[in-house]
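Read through the structure below, which is laid out as C-alpha cells, and then see the notes.
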Amino acid sequence: MAIFPGPEWADEYVKALNGNSEYKDAGKTWEGDITFVVQPDEKYSKTWYLYLDLYHGECRSYKASDKETELKKSEFKYTGKYSNWVKLINREIDPIQGLMTGKFKLDGPMMKIMRYTKAAKEMVNTASLVKTEFGA
Amino acid sequence: MWFFRSPDIVFGEDSLSFLNTLDSKNIAIITDKNILNSGLITKVEKNLPVDSKILVISDILPEPDYDNMLLHLNDIKNFEPDLFIGVGGGSSMDTAKILFALYERPDINIYDITPLVKLNLRKKSHLIAIPTTSGTGSECSWAAVVSEKNEYRKNELASPEILPDYAILDPEMVLSLPREQTVNTSVDAMTHAIESYVAKWANPYSDALAEKALELISNNILNALSNPKNVESRNNVHIGASMAGMSFSNSQIGLAHALGHSFGAVFKIAHGKTVGLFLPEVIRYNYKSSRTKYDKLNNIFPDNIRKESLDLTIENLFKKMGQPVKMGTLNINENVYHKNFDLLVELAENSTGIITNPEDIDRKGIETIFNKVHGD
Ligand SMILES: [Fe+2]
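Residue numbers (the working numbering), protein chains in the order written: chain S, 1 to 136; chain D, 137 to 512.
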C-alpha cells in the first residue's frame, strides 16, 4: 500500500504507468511534461506536486515534492483539491467531467493535449491501479 | 454535478416565420453551395425582418478545415452582424459556431474554444442554427467539428458558449432531402440516441431524449423514405433527430462513432453510413455492461421492426432502409483496407467516443470489431 500523496505513491504510479502497455501505445508520439498538483482542503493541509517527464509513451523521470520551487516548470499542469484526487483515483470522478465541472483545472496548450485523449485516460486509469492508502 | 444544456427550440410547420419576430439588423447566413442552389436560403431570407441587411456566405465545404471556415472572417468583421444563422448540415452549422466565436472574440485562438476557457461571447451577436438534414444534431450541440488539413483526424472544438441560442426545426427545410442523405442522416441520429443512452456520461435528461428520439425516428423513417413529401413523417424524424442531438450533446457518443470516424476518414464515406455500419457490432460488444438499457430501447421500436434484441432490430431496420452493416456492400478497395488496417485501428483508438463508451476496449478489441464488420 502506498500513501497518497507521498513519494512511495509517486514511485508506484510511475512503475505502473511504465508497465501499462495501453499507455505506452497511446502516448508513443507524446513529448511533454506534466505536473499533478494536489491542493489542500479540509482533509489535507499541504500542497503536493508530482512532476512527470513523459516522452514517447514512457515516463523518463519524475519528482514529487511539496515545494513547487524544487521542480522543473512543466508544460501542463493538472490541478485539483485533495478530496477530488481521492475521488479520481477511486474512479468516482470522470477526469474530463472533472475538468468541465471545475473540480480539476488543466493548464497548458489545449491543442496539443486534445490529440491524446486515450493517453490521458490511461494516465488516470493507471492511478486507480496503484494500491493506495489515503494519507489524510 | 453535471449539466443539461439546450438551445430554445422552434419547431413544426412554419417555424421559419419565427425569424420575422427578431430585432436583428445585420444578419450573416452561413451555408453551402448546394443549399443555396436548392432555394432553401431564399426561404430563410423571405422570413427575415424586412429592414435587415443580409450577408450570405455560401462556400462552406463538406467537412471544412480552419482555412475554409475562416475564409470570410474579415468580410464578417466588416459587415458587423448582430445575428449569425447557420443553415445546412453539420458543416455549415459548425462553421457558423466558429465564426460567431471568433467574431465575438477576435483575440482568441481557435483552440481556446474548449469548455475549460470562459469566452464571454454574445456581446455583439447571437447564433441560430437551421438544419437542412435530420441527423447531425449540431443545431442542439455545443461542439464544432473541424478537419485538420492533410490529416485524417478531426478536432472537436467545444464550448457551452457556442451552443446556438435558437434551433429552428422547420420540416419544409428537409422535404426535398434526397433519399440517400435521408438514410445517412437518420442512421446517424439513431446512432446518437443509442450511443448516448449507454454512454458513461448518460443522465436522466439525455436518457429521456434518447428514448423519445428513437420512438419518433423508428416509427416514421420508413414512411418518410417511401413518401418523402409527407410533412408529418418528415417533421417527426426531424424533431427526433434534434432530440437525439440534444441527448448526445448532454451525454456523449461511443464506440460506433469512434470506429465510424476512423473508417470515414480513410474511405471518405458519409458519416451516418459509417457509424451505422458498426452500430450492431458495437451493441453486441457492449452487451456485457448495457444489456438492460439496450433491452429497454429495443422495446421502443414498433412491432413490425422489433426483433428479440436491439442489435437484430437495428440490423432489420437498417436492411429496410438500405443501410449496410457489413463492409462487403460498400465496394471498398480491399488493398487500401488491408494496407491501412493499423491506421484505422489507431484513429479509432484516439477518437473521443472511446472514452465514454460504456465498455472499455483495447487495440485487440477494436481489431476484432473491424474484422467482424469486414466479414472475416
Ligand atoms: Fe454522428
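For every residue, glycine included, the Cβ atom is placed at its ideal position computed from N, Cα and C.
- A Cβ-Cβ separation of about 3 Å places Gly222 of chain D in contact with Ala232 of chain D under the 8 Å criterion.
- Closest option to Glu331 of chain D, judged by alpha-carbon separation, among D:Glu284, D:Lys189, D:Asn256, D:Asp447: D:Asp447.
- When the alpha-carbon of Asp431 of chain D is set against those of D:Leu413, D:Asn440, D:Ile450, the nearest one is in D:Ile450.
- Asn291 of chain D carries a strand assignment under DSSP once its states are collapsed to helix, strand and coil.
- The beta carbon of Met123 of chain S does not come within 8 Å of any beta carbon belonging to chain D, so the residue lies off that interface.
- DSSP places Lys43 of chain S in no beta strand (DSSP E); its state is neither H nor E.
- Beta-carbon to beta-carbon, Val334 of chain D and Phe454 of chain D are separated by about 18 Å, too far to satisfy the 8 Å threshold.
- Listed along chain S are Thr101, each with a C-beta nearer than 7 Å to that of Met137 of chain D.
- At least one C-beta of chain D is nearer than 8 Å to the C-beta of Arg115 of chain S.
- The beta carbon of Met326 of chain D lies closer than 6 Å to those of Ile353 in the same chain, with the five residues before and after it left out.
- In the structure shown, Asn162 of chain D adopts extended strand secondary structure according to DSSP, grouped into three states.
- Taking 4 residues as the shortest admissible run, the stretch 372-410 of chain D contains the following complete alpha helix (DSSP H) segments, listed from N- to C-terminal end: 391-403.
- Spatial neighbours of Ile34 of chain S in its own chain (CB-CB distance under 6 Å, excluding positions within 5 residues in sequence) are listed in chain order as Leu52, Ser74, Phe76.
- Residue burial is scored here from C-beta neighbours: Phe506 of chain D has at least 16 other C-beta atoms within 10 angstroms and is therefore classed as buried.
- Counting only runs that start and end inside the stretch 88-132 of chain S, the beta strand (DSSP E) elements of at least 3 residues fall at 104-107.
- The Cβ atoms of Asp498 of chain D and Glu22 of chain S sit closer than 8 Å to each other.
- Residue pairing for Phe4 of chain S: DSSP places it in a beta bridge opposite S:Phe134.
- Nearest CB-CB separation between Ile505 of chain D and chain S: not below the 8 Å threshold.
- Chain D places a beta carbon closer than 8 Å to that of Lys118 of chain S, counting this residue as a contact.
- Partner residues in the beta bridge of Phe36 of chain S, as assigned by DSSP, are S:Leu50, S:Tyr78.
- Residues of chain S with a Cβ closer than 7 Å to the Cβ of Pro251 of chain D are, in chain order, Met100.
- If the five residues before and after Val130 of chain S are omitted, its C-beta is found closer than 7 Å to the C-beta atoms of Ala2, Trp9, Glu12, Tyr13, Ala16, all from its own chain and listed in chain order.
- Thr178 of chain D is not a Cβ neighbour of Lys336 of chain D, given a cutoff of 8 Å.
- 8 Å or more divides the Cβ of Ala377 of chain D from the Cβ of Thr318 of chain D.
- The beta carbon of Thr327 of chain D sits closer than 7 Å to at least one heavy atom of ligand 1.
- Rounded to whole angstroms, the Cβ separation of Ile234 of chain D and Ile246 of chain D is 7 Å, and the two are in contact under 8 Å.
- Residues of chain D whose Cβ lies closer than 7 Å to the Cβ of Leu106 of chain S are, in chain order, Leu252.
- Shortest Cα-Cα distance from Asp107 of chain S to any of D:Pro494, D:Val186, D:His393, D:Pro251 involves D:Pro251.
- For Lys46 of chain S, the closest of S:Glu58, S:Met111, S:Ser65, S:His56 by C-alpha to C-alpha distance is S:Ser65.
- Only Asp25, Ala26 from the stretch 23-54 of chain S bring a Cβ to less than 8 Å from some Cβ of chain D.
- With distances taken between CA atoms, Trp30 of chain S lies nearest to S:Tyr55 out of S:Leu71, S:Asn125, S:Tyr55.
- When 8 Å is used as the limit between beta carbons, Thr488 of chain D is near these residues of chain S: Thr117, in chain order.
- Burial check for Ala344 of chain D: the Cβ neighbour count within 10 Å stays below 16, so the residue is exposed.
- Around the beta-carbon of Phe220 of chain D, 16 or more other beta-carbon atoms lie within 10 Å, marking it buried.
- Straight through space, the alpha carbons of Lys348 of chain D and Ser342 of chain D are spaced by roughly 10 Å.
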